[in-house]
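> Submitted below is the structure of interest, expressed as structure tokens.
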Amino acid sequence: MTQVVDERELEASFERTIAHNDRIEPRDWMPDAYRNSLIRQIAQHAHSEIIGMQPEANWITRAPSLRRKAILLAKVQDEAGHGLYLYSACETLGVSRDDLTRRLIEGRQKYSSIFNYPTLSYADVGTIGWLVDGAAICNQVPLCRTSYGPYGRAMIRICKEESFHQRQGYELLTTMMRGTDEQRALVQESVDRFWWPALMMFGPSDEQSANTEQSMAWGIKRHTNDELRQRFVDMTVPQAQALGVTLPDPDLVWNEERGAYDFGTPDWDEFWAVVKGDGPCNAQRVAHRRRAWDEGAWVREAATAFAASQQTSEVR
Ligand SMILES: [Fe+2]
Ligand SMILES: [Fe+2]
Numbered sequence: 002m003t004q005v006v007d008e009r010e011l012e013a014s015f016e017r018t019i020a021h022n023d024r025i026e027p028r029d030w031m032p033d034a035y036r037n038s039l040i041r042q043i044a045q046h047a048h049s050e051i052i053g054m055q056p057e058a059n060w061i062t063r064a065p066s067l068r069r070k071a072i073l074l075a076k077v078q079d080e081a082g083h084g085l086y087l088y089s090a091c092e093t094l095g096v097s098r099d100d101l102t103r104r105l106i107e108g109r110q111k112y113s114s115i116f117n118y119p120t121l122s123y124a125d126v127g128t129i130g131w132l133v134d135g136a137a138i139c140n141q142v143p144l145c146r147t148s149y150g151p152y153g154r155a156m157i158r159i160c161k162e163e164s165f166h167q168r169q170g171y172e173l174l175t176t177m178m179r180g181t182d183e184q185r186a187l188v189q190e191s192v193d194r195f196w197w198p199a200l201m202m203f204g205p206s207d208e209q210s211a212n213t214e215q216s217m218a219w220g221i222k223r224h225t226n227d228e229l230r231q232r233f234v235d236m237t238v239p240q241a242q243a244l245g246v247t248l249p250d251p252d253l254v255w256n257e258e259r260g261a262y263d264f265g266t267p268d269w270d271e272f273w274a275v276v277k278g279d280g281p282c283n284a285q286r287v288a289h290r291r292r293a294w295d296e297g298a299w300v301r302e303a304a305t306a307f308a309a310s311q312q313t314s315e316v317r
């Protein structure tokens, strides 16, 4: 009986914290559903950072200059760091990084569908920085105020680097647009391929999104998928104009009344097919991650054995 009352008090205190927009910390009581929802979202986010290294790393050895290579290396390394912050944040909820990695390579947890598309030219490095990191920023800036403390604090550091990623992409595309006709054509072709998948990064439309309502009630999410998608379009159209590229959407037009751009509907059949594993690179991305995990087994074993031996010598 006492236990039931205690549980109710804990829940009330949790609800008060959420209502005051204060942070929930790892030591605080939280409902299981809140914990599981956070594990799902943070893990999916961490996996996206790590899997997202692959399409760009594809071009590191073929960068057109030493400067471009240094920039791309730094960017891909940043993404590894983002993955590590996020796995650490997720571990504060009581799951291990080993377990999360297993869930990824066994296909039990997802990552952003955008990384299941191939990178076919160096212009894709610029387009990914501009559109994919740009969309990530729209998604992630509000997460700096998310209700779970370790997630929000990780996002503050990550967002600073994502801004740099977006700018480096835009700068690369600007340089290519000032180059030859062939370079301009490469940029346009790349933008044509990535525009719609970038819009899909915000997830299904609000009516189709199973998790949005509960996530917003808990203060995990601060805006709906459609709100964020609109914000991204409004931010990106003037940048496309400045760049001199055409966004591949005949329905894209300024709506004076709404003070926002109207735009077409992404191909949701394609979105669900890619989410369910039928994108152009799903199998390749997961196989690569699995191989890296298997090949790193001896490092993890050695590190664990070394840590244990250090502990034993300290005890002595
Ligand atoms: Fe990132
Ligand atoms: Fe990034």
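Position 244 of the sequence shown, counting from 1, maps to 245 under the working numbering, and the rest follow consecutively. Think of the CB as a built atom: it goes at the ideal place given N, C-alpha and C, for glycine as much as any other residue. Computed from a predicted model, the values in this text were never measured in an experiment.
Would Met202 pass as a contact of Ala136 if the rule is Cβ separation under 9 Å?
Yes. Within cutoff.
> Going by beta carbon distance, what residues of the same chain come within less than 8 Å of Gln110, once the five residues before and after it are set aside?
Excluding sequence neighbours, Gln110 sits near Arg41, Ala44, Gln45, His48, Leu101 and Arg104.
> With H, G and I counted as helix, E and B as strand and the rest as coil, what does DSSP make of Asp252?
Coil, per DSSP.
> Taking just the CA atoms, how far does Thr128 sit from Arg168?
Cα-Cα distance, rounded: 11 Å.
> Pick helix, strand or coil for Asp125, following the three-state DSSP scheme.
Helix.
> With a Cβ-Cβ cutoff of 9 Å, do Val254 and Tyr262 count as a contact?
It is a contact, given that the beta carbons lie within the stated cut-off.
> So is Arg146 buried or exposed if we call it buried at 16+ other beta carbons inside 10 Å?
Burial call: exposed.
> With contact counted as at least three CB pairs below 8 Å, one residue from each stretch, are the region 169-185 and the region 54-67 in contact?
Judged by Cβ distances under 8 Å, the region 169-185 makes no contact with the region 54-67, as fewer than three pairs qualify.
> Are the beta-carbon atoms belonging to Ala138 and Phe195 less than 9 Å from one another?
First, the amino acid is wrong: residue 138 is Ile here, not Ala. Taking 9 Å as the Cβ cut-off, Ile138 and Phe195 do not qualify as a contacting pair.
> Let me have the residue list for ligand 2: C-beta closer than 5 Å to any non-hydrogen atom, ordered along the chain.
Having a Cβ closer than 5 Å to some heavy atom of ligand 2 are Asp134, Glu163 and His166.
> Please classify Asp263: does DSSP put it in a helix, a strand, or coil?
In the structure shown, Asp263 sits in a strand (DSSP, three-state: E or B).
> Counting only the same chain and skipping the five closest in sequence on each side, list residues whose C-beta sits under 6 Å from that of Ile72.
Around Ile72: Gln169.
> If I measure Cβ to Cβ from Pro151 and keep anything under 6 Å in the same chain, skipping five residues before and after, which residues do I get?
Hits under 6 Å: Ala90 and Thr93.
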